[in-house]
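K.L.:
One structure, pasted below without further comment.
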Amino acid sequence: MPNQIPEEVIEEVRKSNDIVDVIGEYVQLKKQGRNFFGLCPFHGENTPSFSVTQEKQIFHCFGCGKGGNVLTFLIEMEDYSFYEALKFLANRSGVDLPETGMNKESSMSEENQNILSAYEWITKLYHHLLRYTKDGKEGYQYFKNRGITDETIDVFQLGFAPNVKDFTAEFLQKKGFHQQILVKAGLLSLNEDNSVTDRFRSRVIFPIRNHLGKSIGFGGRTIGDQEPKYLNSSESELFQKGRILYNFDLAKKHIRKQNEVVLFEGYMDVISAYQAEVKNAVATLGTSLTESQAKLLRRYVDTVTICYDADNAGTEATYKAAVLLQKIGCHVKIANLRENMDPDSFIQEFGATAFKDEVIKASYTFTSFYMRYLKKDFNLSLESDRIQYIESVLKQLAMIESSVEREYYLKEISNEYNVTMESLTQEIQNHQQKMSIGKDKREKNRYTNRAPQFQQTKKLLPAFHNAERQLIAYMLQDTSITDKVQEEIGASFNVDEHKIIATHLYAFYEEGHQADVSMFIEALTDENLRRLVTEVAMIPVLENISDKEISDYIRIIRAENSSKDSIQALKEDQKLAEQQNDPIKAAKIAMEIIELQKQLKKLN
Numbered sequence: 001m002p003n004q005i006p007e008e009v010i011e012e013v014r015k016s017n018d019i020v021d022v023i024g025e026y027v028q029l030k031k032q033g034r035n036f037f038g039l040c041p042f043h044g045e046n047t048p049s050f051s052v053t054q055e056k057q058i059f060h061c062f063g064c065g066k067g068g069n070v071l072t073f074l075i076e077m078e079d080y081s082f083y084e085a086l087k088f089l090a091n092r093s094g095v096d097l098p099e100t101g102m103n104k105e106s107s108m109s110e111e112n113q114n115i116l117s118a119y120e121w122i123t124k125l126y127h128h129l130l131r132y133t134k135d136g137k138e139g140y141q142y143f144k145n146r147g148i149t150d151e152t153i154d155v156f157q158l159g160f161a162p163n164v165k166d167f168t169a170e171f172l173q174k175k176g177f178h179q180q181i182l183v184k185a186g187l188l189s190l191n192e193d194n195s196v197t198d199r200f201r202s203r204v205i206f207p208i209r210n211h212l213g214k215s216i217g218f219g220g221r222t223i224g225d226q227e228p229k230y231l232n233s234s235e236s237e238l239f240q241k242g243r244i245l246y247n248f249d250l251a252k253k254h255i256r257k258q259n260e261v262v263l264f265e266g267y268m269d270v271i272s273a274y275q276a277e278v279k280n281a282v283a284t285l286g287t288s289l290t291e292s293q294a295k296l297l298r299r300y301v302d303t304v305t306i307c308y309d310a311d312n313a314g315t316e317a318t319y320k321a322a323v324l325l326q327k328i329g330c331h332v333k334i335a336n337l338r339e340n341m342d343p344d345s346f347i348q349e350f351g352a353t354a355f356k357d358e359v360i361k362a363s364y365t366f367t368s369f370y371m372r373y374l375k376k377d378f379n380l381s382l383e384s385d386r387i388q389y390i391e392s393v394l395k396q397l398a399m400i401e402s403s404v405e406r407e408y409y410l411k412e413i414s415n416e417y418n419v420t421m422e423s424l425t426q427e428i429q430n431h432q433q434k435m436s437i438g439k440d441k442r443e444k445n446r447y448t449n450r451a452p453q454f455q456q457t458k459k460l461l462p463a464f465h466n467a468e469r470q471l472i473a474y475m476l477q478d479t480s481i482t483d484k485v486q487e488e489i490g491a492s493f494n495v496d497e498h499k500i501i502a503t504h505l506y507a508f509y510e511e512g513h514q515a516d517v518s519m520f521i522e523a524l525t526d527e528n529l530r531r532l533v534t535e536v537a538m539i540p541v542l543e544n545i546s547d548k549e550i551s552d553y554i555r556i557i558r559a560e561n562s563s564k565d566s567i568q569a570l571k572e573d574q575k576l577a578e579q580q581n582d583p584i585k586a587a588k589i590a591m592e593i594i595e596l597q598k599q600l601k602k603l604n
């Protein structure tokens, strides 16, 4: 728990890790005014509602309500325990943590910790065999023949599993790992007679790491005549092919720097691209791009360049991936790879410079790719097919927002198929009109029970409620304002949560702390209070607010309290009158209560 760790240590770790830098490793943040905004990593959205303030060192999502400081972000994002989040940040910033008095309990199950440990050991072993032993010479030669340097082999921790059926099993059992765990981890295969064999024997090994750089699985490629040619670790809680991308941990910083990612199909494509100085490269793991992977990329970048094999299967996969990426809001480009080539073979044949200049930098727009992709479905020597093809292209062009881009492709069609720009433009307008009618219907249905309601409309808050929120926002950043509020109204806020926050804040300052929202959040143990504090702390405030304005907020809060007290007193008088069988007096008091309630309503 946090209170087992010296407060000054927590504070040093927190202050040595800027929240914008840390969250920027998970979310593409763009500065707007004084804050940074991005797509929330905690819920799906296409419009950024996730805000990070560098000045206050806190984050808040206006969509789902999550909020906190740099430590709570990691606890939420990685499912870390408090200690794990603190240790991660301490390692990141080079702060030494004391060994005593700390709860080192992990949020990860003991079994998963053992699996990670097993993969760490075996990754190092397979890599050592490849680089430094005769047993790995066959695998080493395979990579050398494919033009992979020693430096790259080391960066990607490439390895080789020898053709010995119990090599891995014996090595890890000597390290204390149980056979059952190793089978579950996908390092060993269980045979029908309950014996085990090494899953990856006689294969070169591509360690698959999670976003934190921990090996969670292997991709193995045979260098003989084994089947299958490629073999992955079995699916597990830690290793889910549809949720991770190969090389994402190393590519992250390059992706953020260039605001672009290059998406490949295979391990060797990524490794060859890395050697060709295309380091913002990731790959799927032998499967089609999933929505989960696409959303992960969207959090980091606006632009994705797809560089799949330039054969029929690769073209189909490119189209599916491009449609998915566009759907979740990415700008998509398609690498200009020569027909029937794959990225790795292109680099081997033509070199790194040609790959960067002629393939990546010369990428097609999605529309240009789509126009070529569509042609395979039509016999363009036939007039009817040409007309159908043009119609299909125009439907796609009608969805392009940029009139300049749209006109560019219309001219291309006009010149190639001898159709006037007037008729093409008219057809585009017809399509857009149909799309607009469909959109209007969808908008109309939003207000019926036929359409799902994803976001509840927030009610307008009463004046006293807004006054309390605004006042707390000032109290969070100024101890002198807090002193004034404590002296004049203490914890007599009207909203229960506000009373609790004020009480905690008074205690926080009385302990000698300065105004620091991020640190105050750390002192709160209730998750709902933390969220509310971060939400209130995001409210815009004046730098130099006058005493009169603070007094006005206090006056509104007092007025609400006073009215409520008066109403409560009248209700007690009314009850007494009823008990004394005095209906006329009770009715008169009831009218007074109604009048007071009306006045309250007008104020709010």
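For the sequence shown, UniProt numbering begins at 1 and goes up steadily by one.
Just so it is clear, CB atoms sit at the ideal spot from N, CA and C, and this is done for glycine as well.
Pull up the CB-CB distance for Thr305 and Tyr373, whole angstroms please, since I reckon it's below 8 Å.
P.N.:
Sequence index remark: in the sequence shown, residue 305 carries index 305 (1-based). Sequence index remark: in the sequence shown, residue 373 carries index 373 (1-based). About 16 Å; that fails the 8 Å criterion.
K.L.:
Among Val270, Ala398, Tyr417 and Val541, whose alpha-carbon lies nearest the alpha-carbon of Leu285?
P.N.:
Numbered from its first residue, the sequence shown carries residue 285 at position 285. Closest option to Leu285, Cα to Cα, is Val270.
K.L.:
Could you check which residue in Glu76, Gly266 and Tyr319 has the C-alpha nearest to that of Lys241?
P.N.:
The sequence position of residue 241 within the sequence shown is 241, counting from 1. Looking at the Cα atoms, Gly266 is the closest of the given residues.
K.L.:
Kindly provide the ranges of any beta strand (DSSP E) runs that are 3 or more residues long and lie completely inside the region 18-50, ordered along the chain.
P.N.:
Within the region 18-50, the complete beta strand (DSSP E) runs of at least 3 residues are 30-32 and 35-38.
K.L.:
Cβ of Arg201 within 8 Å of Cβ of Lys253?
P.N.:
Here residue 201 is taken as the residue at index 201 of the sequence shown, counted from 1. Here residue 253 is taken as the residue at index 253 of the sequence shown, counted from 1. Cβ distance not < 8 Å, so Arg201 and Lys253 don't count as in contact.
K.L.:
Sort Lys499, Lys484, Asp198 and Ser49 by Cα distance to His465 and report the nearest one.
P.N.:
As a working note, residue 465 is residue 465 in the sequence shown. Taking only the C-alpha atoms, the option nearest His465 is Lys499.
K.L.:
Note the first and the last residue of the continuous beta strand (DSSP E) segment covering Pro6.
P.N.:
Residue mapping note: residue 6 aligns to position 6 of the sequence shown, counting from 1. Looking at the DSSP string, Pro6 is not in any beta strand (DSSP E), and its letter there is neither H nor E.
K.L.:
Could you tell me the boundaries of the beta strand (DSSP E) in which residue 644 lies?
P.N.:
A question about residue 644 goes unanswered here, because the residues of the chain that appear run from 1 up to 604.
K.L.:
In angstroms, rounded to a whole number, what distance separates the CA positions of Asn340 and Lys229?
P.N.:
Numbered from 1 along the sequence shown, position 340 holds the residue referred to as residue 340. Numbered from 1 along the sequence shown, position 229 holds the residue referred to as residue 229. Taking the straight line from one Cα to the other gives about 20 Å.
K.L.:
What are the residues that DSSP puts in a beta bridge with Pro207?
P.N.:
To locate residue 207, count along the sequence shown from 1; it is residue 207. Pro207 pairs with Phe218.
K.L.:
Are the region 53-70 and the region 506-521 touching by the rule of at least three beta carbon pairs closer than 8 Å?
P.N.:
At 8 Å Cβ cutoff, the stretches touch.
K.L.:
Whole angstroms are fine: how far does the CA of Asn91 sit from the CA of Ser49?
P.N.:
Taking the first residue of the sequence shown as position 1, residue 49 is located at position 49. Taking the first residue of the sequence shown as position 1, residue 91 is located at position 91. Straight-line Cα distance between these residues: approximately 30 Å.
K.L.:
What number of angstroms, rounded off, separates the C-alpha of Ala161 from the C-alpha of Gln179?
P.N.:
Within the sequence shown, numbered from 1, the residue matching residue 161 stands at position 161. Within the sequence shown, numbered from 1, the residue matching residue 179 stands at position 179. Cα-Cα distance, rounded: 18 Å.
K.L.:
Using a 10 Å radius around the Cβ and a threshold of 16 neighbouring Cβ atoms, would you call Thr353 buried or exposed?
P.N.:
Within the sequence shown, numbered from 1, the residue matching residue 353 stands at position 353. So Thr353 counts as exposed.
K.L.:
What is the DSSP secondary structure of Tyr447, counted as helix, strand or coil?
P.N.:
Within the sequence shown, the letter at position 447 stands for residue 447. Only weak support is given to the placement of Tyr447: the predicted model assigns it a pLDDT of 40, under 50, and the value that follows is read from those uncertain coordinates. The answer is coil: DSSP assigns Tyr447 none of H, G, I, E or B.
K.L.:
Fully enclosed by the region 217-304, which beta strand (DSSP E) runs are 3 residues long or longer?
P.N.:
Counting only runs of 3 or more, we get 230-232, 260-264 and 281-283.
K.L.:
How long is the line joining the alpha carbons of Ala281 and Leu532, rounded to whole angstroms?
P.N.:
For the purposes of this step, residue 281 is taken as the residue at position 281 of the sequence shown. For the purposes of this step, residue 532 is taken as the residue at position 532 of the sequence shown. Looking at the two C-alpha atoms, the distance is approximately 39 Å.
K.L.:
Please name the residue or residues paired with Lys333 in a DSSP beta bridge.
P.N.:
As a first step, residue 333 is located in the sequence shown; it is residue number 333 there, counting from the start. Per DSSP, Thr305 and Thr365.
K.L.:
Applying the 10 Å Cβ sphere with the 16-neighbour rule, what's the burial state of residue 665?
P.N.:
Shown here, the chain extends from 1 to 604; a query on residue 665 therefore has no answer.
K.L.:
For Leu380, count the other beta carbons within 10 Å of its own beta carbon; 16 or more makes it buried, fewer makes it exposed. Which is it?
P.N.:
On the sequence shown, residue 380 is found 380 positions in, with the first residue counted as 1. By the 10 Å Cβ count, Leu380 comes out exposed.
K.L.:
Buried or exposed: where does Ile594 fall if 16 or more other Cβ atoms within 10 Å of its Cβ makes it buried?
P.N.:
Along the sequence shown, read from residue 1 onward, the residue named residue 594 stands at position 594. Exposed, by the Cβ-count rule.
K.L.:
Just to confirm, is the Cβ distance from Val70 to Arg14 under 8 Å?
P.N.:
The count along the sequence shown starts at 1 and reaches residue 70 at position 70. The count along the sequence shown starts at 1 and reaches residue 14 at position 14. Yes, they are a contact pair.
K.L.:
Out of Asp154, Ala502, Leu424 and Leu238, which one is the CA nearest neighbour of Leu250?
P.N.:
If you number the sequence shown from 1, residue 250 lands on position 250. The residue with the shortest Cα to Cα distance from Leu250 is Asp154.
K.L.:
For Tyr274 and Thr152, which I take to be in contact (beta-carbon distance under 8 Å), what is that distance rounded to the nearest angstrom?
P.N.:
Indexing the sequence shown from 1 puts residue 274 at position 274. Indexing the sequence shown from 1 puts residue 152 at position 152. That pair is a contact at about 6 Å.
K.L.:
Can you look up Ile545 in the DSSP assignment and give me helix, strand or coil?
P.N.:
If you number the sequence shown from 1, residue 545 lands on position 545. Coil.
K.L.:
If you run the structure through DSSP and keep just helix, strand and coil, what is Ser381?
P.N.:
By one-based count along the sequence shown, residue 381 stands at place 381. It is coil, neither helix nor strand.
K.L.:
So what's Ser106 in DSSP terms, helix, strand or just coil?
P.N.:
Here residue 106 refers to the residue found at position 106 of the sequence shown. Coil at Ser106, not helix or strand.
K.L.:
To the nearest angstrom, report how far apart Asn184 and Ser234 are at their CA atoms.
P.N.:
Taking the first residue of the sequence shown as 1, we reach residue 184 at position 184. Taking the first residue of the sequence shown as 1, we reach residue 234 at position 234. The residue asked about is misnamed: residue 184 is Lys in this sequence, not Asn. Taking the straight line joining both Cα atoms gives about 8 Å.
K.L.:
By Cβ distance, which residues of its chain are closer than 6 Å to His211, with the 5 residues on each side in sequence left out?
P.N.:
By one-based count along the sequence shown, residue 211 stands at place 211. Here the set comprises Phe248 and Asp249.
K.L.:
By the DSSP assignment, the beta strand (DSSP E) with Leu190 in it spans what residues?
P.N.:
Taking the sequence shown and counting its residues from 1, one reaches residue 190 at position 190. Leu188 to Leu190 is the extent of the beta strand (DSSP E) around Leu190.
K.L.:
Any beta carbon from chain D within less than 8 Å of Glu227's own beta carbon?
P.N.:
You won't find chain D in this structure, because it holds only one protein chain.
K.L.:
Report yes if the CB atom of Val485 is closer than 8 Å to the CB atom of Glu468, and no otherwise.
P.N.:
Position 485 of the sequence shown holds residue 485. Position 468 of the sequence shown holds residue 468. Contact flag unset, no.
K.L.:
Using DSSP's beta-bridge definition, name the partner residues of His498.
P.N.:
The sequence position of residue 498 within the sequence shown is 498, counting from 1. Note: His498 sits in no beta bridge, so no partner.
K.L.:
Rounded to whole angstroms, what is the Cα-Cα separation between Gln456 and Val359?
P.N.:
The count along the sequence shown starts at 1 and reaches residue 456 at position 456. The count along the sequence shown starts at 1 and reaches residue 359 at position 359. Because the pLDDT at Gln456 is just 41, under 50, the model does not fix this residue reliably, and the value given afterwards should be weighed accordingly. If I take the Cα positions, the gap works out to 47 Å.
K.L.:
Out of Asp21, Ala335 and Ser392, which has the shortest C-alpha to C-alpha gap to Leu74?
P.N.:
Start at 1 with the first residue of the sequence shown, and residue 74 comes out as number 74. Measuring from the Cα of Leu74, the nearest candidate turns out to be Asp21.
K.L.:
Of the choices Thr123, Arg203 and Glu578, whose alpha-carbon is the least far from that of Lys214?
P.N.:
What you label residue 214 is simply residue 214 of the sequence shown in a count that begins at 1. Comparing Cα positions, the closest option is Thr123.
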